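Residue numbers (this note's numbering), protein chains in the order written: chain A, -4 to 127; chain B, 49 to 256.
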């Protein structure tokens, strides 16, 4: 089973501060292989151009939002296997349901703690290992 | 909505006189209501404040972004100092275990003490910088208060105006999704979650 430290992460958020915080937390979890994208479109291009193992994405972003990114990932055979963890300030139940139905691997509402992020990443990795 | 530029004079002539009569009545009602309620001066003050509100909000965005970057940069620097102390402590412990007399006689112990002292001073400076970076809260808090007052005045004026002029049948048809985004106050709402536990419960109920 892969551990988070072996994985290459893509953190997608239009706020550089939040990208930096998520990246910093992943680093503290031992995940040093991490890249950033400022919106869904940039992220999708990066995912198609290079190999990634895990996507952590915001929802409200310009150009392409997190839902559209999620749907685009799940519609592309070459990257649809990637787990996508949504990290967002959107707390509406219909958004959570939509994310789950669209294929999100997890959903975290901001503000969140390091423990929550760590728990969700571990849980998703365990699920992937179980289904592999 | 139909473009006004596409309307031909014939269209206007085809409109019945009752419509003009009704428009005139609504305009008079609107004017009288605004005068009676004292809305006009207040509304004017509020709209004049809008460009200022935009610059105030930009100021808040800049100040908070600067503060966040300063804190993150300083934390990185403090963490690096902390790692240095940890490494130096481990190395010192190994030297003392291997040959305590040599460790003292060679001056390694005193060098270590001075190194730790200097490093903790730098960490203390970083912590002070982090503390000082929080000054944005005071500055932006004052600005936020002014913008909130302006927004309240504008909302108050518009609501009074709306209540007076909106037709009976369409009252209460305001789109509840207009203010989507972070939920500031979830009290009494059933369409939003309030914490991560509720997110997990909802996902579990969906089989995730």
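No residue lacks a Cβ here, since even glycine has one placed at the ideal position from N, Cα and C. Note that the coordinates shown come from a computational prediction; the quantities given were computed from them, not determined experimentally.
Asked: Please report how far the alpha carbon of residue 224 of chain B lies from the alpha carbon of residue 133 of chain B, in whole angstroms.; Found: Bear in mind that a pLDDT of 45 at residue 224 of chain B, under 50, signals an unreliable position, so the model cannot answer this.
Asked: Put residue 245 of chain B into one of helix, strand or coil per three-state DSSP.; Found: helix
Asked: Strictly under 8 Å for the Cβ-Cβ distance: is residue 256 of chain B near chain A by that measure?; Found: yes
Asked: Closer than 8 Å is the cut-off here; do at least three beta carbon pairs connect the segment 180 to 191 of chain B with the segment 125 to 143 of chain B?; Found: no
Asked: Determine, for residue 182 of chain B, whether the minimum Cβ-Cβ distance to residues of chain A falls below 8 Å.; Found: no
Asked: Rounded to a whole number of angstroms, what is the C-alpha to C-alpha distance between residue 192 of chain B and residue 244 of chain B?; Found: 28 Å
Asked: Count the other CB atoms, across all protein chains shown, that sit within 10 Å of the CB of residue 81 of chain A; report buried if there are 16 or more and exposed otherwise.; Found: buried
Asked: In this structure, does DSSP put residue 257 of chain B in helix, strand or coil?; Found: Outside the shown range of chain B (49 to 256) lies residue 257 of chain B, about which nothing can therefore be said.
Asked: Give me, in chain order, the residues of the same chain whose beta-carbon lies closer than 7 Å to that of residue 6 of chain A; leave out the 5 immediate sequence neighbours on both sides.; Found: 14, 17, 18, 29, 31 and 51
Asked: Rounding to the nearest angstrom, what Cα-Cα distance links residue 227 of chain B and residue 65 of chain A in this structure?; Found: Because residue 227 of chain B carries a pLDDT of 44, less than 50, the predicted location of this residue cannot be relied on, and no value is offered for it.
Asked: Taking residue 160 of chain B as part of the alpha helix (DSSP H), name the residues at either end of that continuous run.; Found: 156 to 181
Asked: Could you round the C-beta distance between residue 101 of chain B and residue 198 of chain B to whole angstroms and report it? I think they count as a contact, below 8 Å.; Found: 5 Å
Asked: Beta-carbon of residue 62 of chain A versus every beta-carbon of chain B: anything under 8 Å?; Found: no
Asked: Return the bridge partner residues of residue 137 of chain B from the DSSP annotation.; Found: Answer by DSSP bridge pairing: none, since residue 137 of chain B is not bridged.
Asked: Do three or more CB pairs link the segment 53 to 60 of chain A to the segment 83 to 103 of chain A at distances below 8 Å?; Found: yes
Asked: Rounded to whole angstroms, what is the Cα-Cα separation between residue 10 of chain A and residue 98 of chain B?; Found: 25 Å
Asked: In chain order, which continuous runs of the beta strand (DSSP E) of length 3 or greater are located wholly inside the segment 4 to 54 of chain A?; Found: 4 to 7, 29 to 32 and 49 to 52
Asked: What residues in its chain sit with their C-beta under 7 Å from that of residue 93 of chain A, if we drop five residues either side in the sequence?; Found: 62
Asked: Quick check on the DSSP output: the beta strand (DSSP E) that includes residue 103 of chain A runs from which residue to which?; Found: 101 to 104
Asked: Find the residues of chain B that neighbour residue 12 of chain A, judging by a C-beta separation of less than 8 Å, and give them in chain order.; Found: 113, 116, 117 and 120
Asked: Just to confirm, are residue 119 of chain B and residue 181 of chain B a CB contact at a threshold of 8 Å?; Found: yes
Asked: Determine the direct distance from the alpha carbon of residue 209 of chain B to that of residue 39 of chain A, and round the result to whole angstroms.; Found: 47 Å
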